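Numbering (the working numbering), first residue to last: 323 to 482.
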C-alpha cells in the first residue's frame, strides 16, 4: 500500500524544467533519478504506476555484470504508466550540436560517394568490354523474360 503523506520526510524538491537524455540508458537513468528525487522506492513506483511488483526494479536498475538477471526494456504500455507516476512527459527537440550538418550528404560517410562513383564507372567499363552474347546474358531478368516470350512465340509459329 502506498502512503500519500509522509510526515517524517520533507516534501520533495520540484523537478527541474528540462531533463536531457540522448540514449536509452540515459533515459533509464533519468527516470531512476526522478524516482529518487521523489523519494519513492521501486515497489512504491510499481504500485503508483499499476505495474506488477518488481517491474521497475528490473527496468530501471543498473545492469548486472555476471550471474544476474537481464534488464527488462520499458514497453509502450508501461512507459506511459511510469511517466505518469513520476509526473513526467517526453519532449523531443532537435539536438543543437547536430543542427548544422549539411543535408543531402552524409557527414559520417563522405567516402561512400567516391566508392559509388568508382563502382558505376567500373561496371560501365566492364559492360563495354563484353561481347554481344555476354551482354545479352547480362540483361536484367525482365528483359530476358520478355525476349524468351518473343522467342517462344516466334518458334511456335503464327498458329499459337
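The beta-carbon is built from N, C-alpha and C at its ideal position, and this holds for glycine as well. From a predicted model like this one, the values you see are computed outputs, not experimental measurements.
Which class does residue i belong to by DSSP, given the choice of helix, strand or coil?
i, result
"residue 344", "coil"
"residue 444", "helix"
"residue 417", "coil"
"residue 381", "helix"
"residue 374", "coil"
"residue 396", "coil"
"residue 408", "coil"
"residue 401", "helix"
"residue 364", "helix"
Residue i: which of the options sits nearest, CA to CA?
i, options, result
"residue 345", "454, 433, 417, 438", "417"
"residue 375", "352, 360, 400, 409", "400"
"residue 372", "402, 414, 383", "402"
"residue 383", "414, 354, 342", "354"
If residue i and residue j are in contact, beta carbons under 8 angstroms, what's the gap, nearest whole angstrom?
i, j, result
"residue 407", "residue 367", "6 angstroms"
Between residue i and residue j, is the Cβ-Cβ spacing less than 8 angstroms?
i, j, result
"residue 394", "residue 409", "no"
"residue 404", "residue 378", "yes"
Within 8 angstroms of any Cβ in chain C, is that where the Cβ of residue i sits?
i, result
"residue 346", "This model lacks chain C altogether; it includes just one protein chain."
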